[in-house]
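Here the protein sequences line up with chains A and B, keeping their order.
For the first sequence, our numbering assigns the number 659 to the initial residue and increments by one for each residue that follows.
For the second sequence, our numbering assigns the number 659 to the initial residue and increments by one for each residue that follows.
Step one of this worksheet: look at the structure below.
Protein chains: 2
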Amino acid sequence: MTDRRGIGIIGGVREMQEFSNGLRKEGKTIAFVPTMGALHEGHLSLMREGKRHGDVLVASVFVNPAQFGRNEDFNSYARDTDGDLRKMESAGVDIAFFPRADEIYPPGYETYVEVTELGKPLCGRFRPGHFRGVATVVLKLFNIVKPDTALFGQKDYQQLQIIRKMVSDLNLEVDIIGMPIVREESGLAMSSRNSYLSPEEREKAACLSLALRRIKKSFDEGERDSLALLREGYDVLAGASIGEVDYLEIRDGETLGDKAAASPGDVAALAVRIGNARLIDNTVL
Amino acid sequence: MTDRRGIGIIGGVREMQEFSNGLRKEGKTIAFVPTMGALHEGHLSLMREGKRHGDVLVASVFVNPAQFGRNEDFNSYARDTDGDLRKMESAGVDIAFFPRADEIYPPGYETYVEVTELGKPLCGRFRPGHFRGVATVVLKLFNIVKPDTALFGQKDYQQLQIIRKMVSDLNLEVDIIGMPIVREESGLAMSSRNSYLSPEEREKAACLSLALRRIKKSFDEGERDSLALLREGYDVLAGASIGEVDYLEIRDGETLGDKAAASPGDVAALAVRIGNARLIDNTVL
């Protein structure tokens with residue numbers, strides 16, 4: 659482990675496991691925030707909350723190749739190790755874990771975890787293999803870091819539900835905490851991919867949260883018909899000339915099943931493409 | 659936990675986890691033998707060896723529905739709880755874990771682990787989904803029992819390699835020990851499925867190990883051509899009028915890849931159908 663001011667840096671899988679084994683032997687609890695780096699306020703809110711849930715707070719930075727499709731942005735995904743370290747330190751992270759891709763996926767790697775049903779709708783339709791890659795790396799990171807608690811953002815709503823389900827199905831003893839979406843002033847949900855947007859596109863992208871707020875307002879006023887709710891959302895997107903909508907749907911908040919009539923706890927979720935960015939957002943009704 | 663003479667019996671998943679957490683907190687090590695019951699000398703050899711590898715020896719009995727195909731023998735698979743308990747006790751098992759199927763796979767269960775390449779050849783071709791079911795239940799049992807060491811028989815050679823690979827790929831800290839095949843006097847490998855055989859079929863089934871011994875002898879005498887070696891094995895099977903051979907193959911002992919020329923460490927493996935039984939056996943060259 660390298661110590662850099664107040665933060666310990668671990669790169670090796672075995673070293674991380676031994677460190678965590680040592681903590682557990684001392685009876686200490688571990689809170690964990692897995693990230694792909696390019697940290698923003700959303701990530702930092704997870705870390706600050708994580709601080710309250712464990713004696714030691716571990717955050718990982720790993721841009722996981724297994725969750726990117728062939729034509730997706732793995733190579734262009736933002737990477738900023740120095741900036742990430744400074745931010746982690748300021749958010750109270752004790753251990754920054756930076757595993758290497760060839761240690762996470764050595765030659766001949768071939769074991770994958772799949773949450774079969776929850777991975778099918780929404781982003782699963784547009785990103786085949788994505789959630790298999792997410793579930794696999796999260797399971798591996800859990801086996802390496804051995805957290806008592808792990809924190810994930812609700813912006814990746816489907817991912818959060820898949821991880822919850824995996825943890826329950828595989829009898830993992832990890833408490834999963836989902837944290838509220840952190841937004842810019844315009845309402846745009848914080849995302850590393852916002853950096854792909856030009857200033858004009860960024861302005862346009864504010865309509866994502868606007869569409870979701872419109873749906874939520876209409877739901878709060880009594881509308882329950884999913885199609886009527888979605889039409890209001892589409893009106894907002896069309897008004898901002900968002901042409902490429904992967905989906906805008908209302909689904910059961912837990913099973914992600916179809917809902918013709920919306921009810922409290924359902925989620926309205928969308929994915930759109932603006933310029934080079936594919937952006938997602940959601941709101942719980 | 660129910661105590662029955664010298665053996666503790668646990669049925670609940672949470673109870674098992676808490677028991678294992680307690681042991682680990684005390685710094686005790688856990689050895690684990692997962693079985694599907696109908697215990698025979700093969701299983702007992704794993705348990706007796708397991709006794710040497712942990713402070714506490716846990717054995718589970720769970721007939722895993724996820725590893726049986728639709729037309730396979732899940733319903734007729736032998737079950738003998740009382741007999742199994744007696745045998746476990748005599749083999750030195752400290753804790754017998756008998757989970758219920760509806761707790762291992764509650765309604766809505768949907769998370770599966772797959773070792774993609776190792777699961778394809780040999781039995782994988784004839785039992786689609788089988789090794790996915792095996793890998794999934796073994797991972798779950800590991801997460802519940804939390805062993806330091808787990809023991810498996812080499813009779814299920816492909817299963818053993820898949821579990822080794824899963825453990826390595828998923829960063830599980832479990833030592834996997836593969837134990838030699840235990841055979842009846844005739845050479846027939848011990849198997850719960852031998853109980854499906856009539857006395858005549860049982861006699862016939864001795865030719866499986868005979869075919870493998872013939873291959874091994876020829877290999878030891880210098881023959882390296884896989885087809886020539888396999889022909890000798892097929893001669894033995896044909897001589898015993900075994901009509902239904904699922905496969906008889908020579909493969910790399912670790913990757914299970916094809917081998918035109920055999921070399922030390924390769925495995926000769928077969929699966930045949932006799933009466934109502936599908937039997938497997940193998941030998942390492």
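For each residue, glycine too, the CB sits at the ideal point set by N, CA and C.
Could you check where the alpha helix (DSSP H) with arginine 868 of chain A kicks off and where it finishes? This sequence places leucine at residue 868 of chain A; arginine is not what is there. Per DSSP, leucine 868 of chain A belongs to the alpha helix (DSSP H) from 857–878.
What's the gap between the Cα of glutamate 699 of chain B and the Cα of methionine 848 of chain B? 7 angstroms
Expected contact under 8 angstroms - CB spacing of arginine 737 of chain A and glycine 695 of chain A to nearest Å: 6 angstroms
Secondary structure of glutamate 902 of chain A, DSSP reduced to three states: strand
State yes or no: is the C-beta of alanine 808 of chain A within less than 7 angstroms of the C-beta of isoleucine 839 of chain A? no
At what residues does the alpha helix (DSSP H) containing threonine 739 of chain B begin and finish? 739–748
If I follow the unbroken alpha helix (DSSP H) through arginine 706 of chain A, where does it start and stop? 699–708
DSSP three-state assignment for arginine 889 of chain A, whether helix, strand or coil: helix
Would you call the stretch 922–939 of chain A and the stretch 771–781 of chain B touching, i.e. three or more CB-CB distances under 8 angstroms? no
Taking all protein chains shown into account, decide if glutamate 772 of chain B is buried (16 or more other Cβ within 10 angstroms of its Cβ) or exposed. buried
Can you name, in chain order, every residue of its own chain whose Cβ lies under 7 angstroms from the Cβ of serine 876 of chain A, other than the five neighbours on each side? Leu887 and Glu890
Please specify which runs of the alpha helix (DSSP H), each continuous and at least 4 residues long, are wholly inside the stretch 764–808 of chain B, giving them in chain order. 781–784 and 788–803
Rounded distance between the beta-carbons of asparagine 940 of chain A and valine 925 of chain A, thought under 8 angstroms: 5 angstroms
If you measure beta-carbon to beta-carbon, which residues of the stretch 797–812 of chain B are closer than 8 angstroms to chain A? Leu797, Lys798, Asn801 and Ile802
Taking C-alpha atoms, which residue in A:Gln819, A:Asn801 and A:Glu842 lies nearest to methionine 824 of chain B? A:Asn801
Tell me which same chain residues have a C-beta within less than 8 angstroms of the C-beta of methionine 1026 of chain B, skipping the five on either side of it? What is shown of chain B runs 659 to 943, which leaves residue 1026 of chain B out entirely.
Please compile the residues from chain E whose C-beta is within a distance smaller than 7 angstroms of the C-beta of tyrosine 815 of chain B. Considering every chain present, this structure includes no chain E. Its protein chains are A and B.
So who's on the other strand from leucine 715 of chain A, going by DSSP bridges? A:Ala689
For the stretch 830–847 of chain A, enumerate the residues whose C-beta is nearer than 8 angstroms to any C-beta of chain B, in chain order. Leu830 and Glu831
Just to check my reading of the structure: valine 719 of chain B and phenylalanine 690 of chain B have Cβ atoms closer than 8 angstroms, yes? What is that Cβ distance to the nearest angstrom? 12 angstroms between Cβ atoms; not a contact.
Supposed close pair alanine 864 of chain A, serine 844 of chain A - CB separation, criterion 8 angstroms: 4 angstroms
Comparing the C-beta of threonine 687 of chain A with each C-beta of chain B, is any distance below 7 angstroms? no
In three-state terms, what does DSSP make of arginine 931 of chain B? strand
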